[in-house]
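Student: The sequence shown: position 480 = 480 (the working numbering), numbered continuously. No residue lacks a Cβ here, since even glycine has one placed at the ideal position from N, Cα and C.
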Amino acid sequence: MKVERLWGSRLQEAPDKEFIKFISGRDIQGLPPCDELLLPFDIWGNRVHTIMLWKQGIISQSDAHLIVAGLKEIKSLYEQDKFPLDPSKEDVHTNIESFLIEKYGIAVGGKLHTARSRNDQVTLDMTLFLREKNLDFLKRILLLEDTIINLSRTHAETIIPGYTHHQHAMVTTFGHLIFAYGESFFRDLVRLKHWHTLFNANPLGGAASYGTSFPIDRELTSRLLGFDRPSLSSLDLITNRWEAETELAYAISTVMNHLSSLAQTLILFTTTEFGFVTLSDRYCGGSSIMPQKRNPSALEVSKAKAAVAQGLLSSLLSLSRGFFVGYNRDSQWTKYIIMDLIYECAEAPTIMASVLNTLKINQERARELCLLGFITATDLMEALAQDFSIPLRQAKMVIERAVKYSESQNVETVSWEGLMRALKELDVTVNISPDFVKGQQEPETVVRRRKAIGGPAPEVLLRAIDTLSSQIQDVKVWLAEKENQLQSSYQKLEGLEKNLLNLTP
């Protein structure tokens, strides 16, 4: 008998493979060394640097020809998983350079590092790595936003209770609740876009931190690496490499906080006590002993990852606060921290999108909860103020007493009798019918009355959804432009390499 897991037979659908990977974490799967993750970026940077050295006449055509050919060989080996890093050579930079020296001799391979230091080289690698991960996070949140937009439209009129302090507050809709997270995640998109604006600058050419006497062309390397500009200071980006890492860590941590809040909300709604949200079996875990369990494991793990992200963000800030101007070896450890943070959090937005795409709402149960706990008392108070010109503060006093008197009747909405008693005690004379009291506490009615911008009235919510959808589309256009810019830069590099390799050495 083959056994994959010790739970799951009670589920109608098999757990999603990505979900299993997400909740397993590092239990049975490790991480590659950090510099393995930097290999493709170091290769890219080396290729660009070599082309620039050749174009500037700093190295000869024949030397550039061999170095570029060697770098393309390394790229091919890497893509076939045949370029393992040798720990005795310390890091990715030395591994690549030593390959070229061993292949062509130091007279050729030893020229790769002309006008460069490992200080600007690793800063370049990390900037390229962070940029890719930043854009990847943007894509994942856009996927989540599309899901939220669709779910908000679908449930614009699906009545559910709203809460403050974990207690019944006012009736709302599931669409209104989910849409709130759509706006939160949109701010996350803006933060990630802002990261690109701040840090898409080229550090290559800063050398050890204080520039070089070689006549390098930093504008050319910026274009070929997809940067918006070269850094104005050779010192700043190397000293403050941690800043780009920490800024991205903060943006991701904020995403994770929003995901954690949404996860906790959904977890409560799925409990037997609430019971109006059901998660798909594909994103639920089971128990090794309790046969009936359907645990919201994907959501629980998202909360855990949010806590991990906060801790790693704090570590980044602590590690970097004492850097002396110029390169500091301490910064090697910031690389580990940001890579761990990205690894932990990368899948969280897409897993949440899948959870939202597949959940079910028990509308009957949700509406039932909207008739409990005097949840429509605030709406009745506002109706007294608007329809009978009772000052709001006085109307609140009336409804507070009406709730107390109605509660003694063992009902959970304000009764006409309780309201009449409260009005009489406070010497408020108005002619209010039982039908008015009942009608102003109908869940659908109270939601439709809240028509101010931001409110849950369906027509208002749908307009807000349209507005947010348009803003999200603008981000998609921006992202496409940035991806095209990177693709164009890479094509320019390949074109220059082709020209070089086609020349007679």
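So, L426 versus F186, is the Cβ gap smaller than 8 Å?
Tutor: For L426 and F186, no; Cβs fall outside 8 Å.
Student: When you compare each of Q167, I267, Y104 to K303 by their alpha carbons, which one comes out closest?
Tutor: For K303, the nearest C-alpha among the options comes from I267.
Student: Using alpha carbons as the reference points, say which of S287, G322, V355 lies closest to T298.
Tutor: It is Ala, not Thr, that sits at residue 298 in the sequence shown. Here the closest residue by C-alpha is V355.
Student: Could you give the distance in angstroms between the alpha-carbon of Q80 and the alpha-carbon of F276?
Tutor: For Q80 and F276, the distance between alpha carbons rounds to 50 Å.
Student: What runs of the alpha helix (DSSP H), each 4 residues or longer, lie entirely inside the segment 394-467?
Tutor: Fully enclosed alpha helix (DSSP H) runs of 4 or longer: 416-425, 434-439, 443-449.
Student: On a Cα-Cα basis, can you pick out the residue from L112, I453, R153 that is closest to N357?
Tutor: Measuring from the Cα of N357, the nearest candidate turns out to be R153.
Student: Beta-carbon within less than 6 Å of G418's beta-carbon, same chain only, minus the 5 sequence neighbours each way: which residues are those?
Tutor: Excluding sequence neighbours, G418 sits near A402, Y405, S406.
Student: Thinking just about the alpha-carbon of each residue, which of T94, D125, D120, T123 is nearest to the one in G110?
Tutor: The candidate whose alpha carbon is nearest that of G110 is T94.
Student: With M381 as the anchor, note down where its alpha helix (DSSP H) starts and where it stops.
Tutor: Element bounds for M381: 377-388.
Student: Is V68 near L500, with beta carbons less than 8 Å apart?
Tutor: Their beta carbons are under 8 Å apart, which means V68 touches L500 by this criterion.
Student: Spatial neighbours of V325 within its chain, please: CB distance less than 6 Å, with the 5 preceding and 5 following residues excluded, ordered by chain position.
Tutor: Excluding positions up to five away in sequence, the list reads T239.
Student: Is it buried or exposed for E494, if we count other Cβ within 10 angstroms and need 16 for buried?
Tutor: By the 10 Å Cβ count, E494 comes out exposed.
Student: What residues in its chain sit with their C-beta under 8 Å from that of L313, if we drop five residues either side in the sequence?
Tutor: Here the set comprises T246, A249, Y250, S253, L341.
Student: Whole angstroms are fine: how far does the CA of V411 sit from the CA of L359?
Tutor: So the two alpha carbons sit approximately 32 Å from each other.
Student: With the cut-off set at 8 Å, would you say W242 and L128 are in Cβ contact?
Tutor: Taking 8 Å as the Cβ cut-off, W242 and L128 do not qualify as a contacting pair.
Student: Which residue wins for smallest C-alpha separation from H49, given the options D379, S233, P215, L112?
Tutor: If we check each option's Cα against that of H49, L112 comes out closest.
Student: Between the Cα of R444 and those of S415, D236, A452, A457, spot the shortest distance and give me the residue it belongs to.
Tutor: The question names Arg, but residue 444 in the sequence shown is Glu. Residue A457 is the option with its Cα nearest to E444.
Student: Return the Cβ separation of M352 and L262 in integer angstroms, given the expectation that the two are a contact with Cβ distance under 8 Å.
Tutor: About 7 Å; that satisfies the 8 Å criterion.
Student: Taking all protein chains shown into account, decide if E483 is buried (16 or more other Cβ within 10 angstroms of its Cβ) or exposed.
Tutor: Answer is exposed; the Cβ neighbour count stays below 16.
Student: Pairs of beta-carbons, one from the segment 362-378 and one from the segment 155-167, closer than 8 Å: are there three or more?
Tutor: Short answer: they touch.
Student: Looking only at its chain, what residues have a beta carbon closer than 7 Å to the beta carbon of K451, apart from the 5 residues adjacent to it on each side?
Tutor: A457, V460, listed in sequence order.
Student: Just the Cα atoms here: how many angstroms apart are T350 and E300?
Tutor: Going from the Cα of T350 to the Cα of E300 covers about 15 Å.
Student: Considering just the uninterrupted stretch of the alpha helix (DSSP H) at V108, what are its terminal residues?
Tutor: Looking at the DSSP string, the run of the alpha helix (DSSP H) that includes V108 is 106-109.
Student: Only counting the same chain, and skipping five residues up and downstream in sequence, which positions put a Cβ closer than 8 Å to that of V3?
Tutor: With a pLDDT of only 39 at V3, under the threshold of 50, the placement of this residue in the model should not be trusted; the figure read from the coordinates follows. No residues qualify anywhere along the chain.
Student: Among the residues of its own chain, which have a CB less than 7 Å from the CB of Q485, if the five just before and after it don't count?
Tutor: Closer than 7 Å at Cβ, skipping near neighbours: G226.
Student: Roughly how many whole angstroms lie between the Cα atoms of M1 and Q473?
Tutor: Model confidence at M1 stands at a pLDDT of 37, short of 50, so the residue's coordinates are unreliable; what they give is reported in the following sentence. Whole-angstrom Cα-Cα distance: 51 Å.
Student: Note the first and the last residue of the continuous alpha helix (DSSP H) segment covering Q310.
Tutor: Run containing Q310: 297-320, per the alpha helix (DSSP H) assignment.
Student: Check whether the Cβ atoms of P15 and R294 lie closer than 8 Å to each other.
Tutor: No, Cβ-Cβ distance for P15 and R294 is not below 8 Å.
Student: Taking all protein chains shown into account, do 16 or more other C-beta atoms lie within 10 angstroms of the C-beta of A306, making it buried, or fewer, making it exposed?
Tutor: Counting Cβ neighbours within 10 Å, A306 comes out buried, since at least 16 surround it.
Student: May I have the straight-line CA-CA distance separating N200 from T123, to the nearest angstrom?
Tutor: Each residue's Cα considered, the two are about 12 Å apart.
Student: Touching or not, the segment 165-184 and the segment 133-149, by the rule of three or more beta carbon pairs under 8 Å?
Tutor: Yes, they touch.
Student: Which residues bound the beta strand (DSSP E) around Q264?
Tutor: No beta strand (DSSP E) contains Q264, which is instead part of the alpha helix (DSSP H) from 241-270.
Student: I'd like to check one pair, N150 with T278: are the Cβ atoms closer than 8 Å?
Tutor: Their beta carbons are not under 8 Å apart, which means T278 does not touch N150 by this criterion.
Student: Quick one: residues in its chain with C-beta nearer than 7 Å to the C-beta of S489, no 5 flanking neighbours on either side, listed in chain order?
Tutor: Here the set comprises R223, L224, L225, G226.
Student: Since A377 and I399 should fall inside the 8 Å C-beta cutoff, what is the C-beta to C-beta distance between them, to a whole number of angstroms?
Tutor: So it is a contact: roughly 5 Å between Cβ atoms.
Student: Would you kindly check if the distance between the Cβ of V446 and the Cβ of D379 is under 8 Å?
Tutor: Cβ distance < 8 Å, so D379 and V446 count as in contact.
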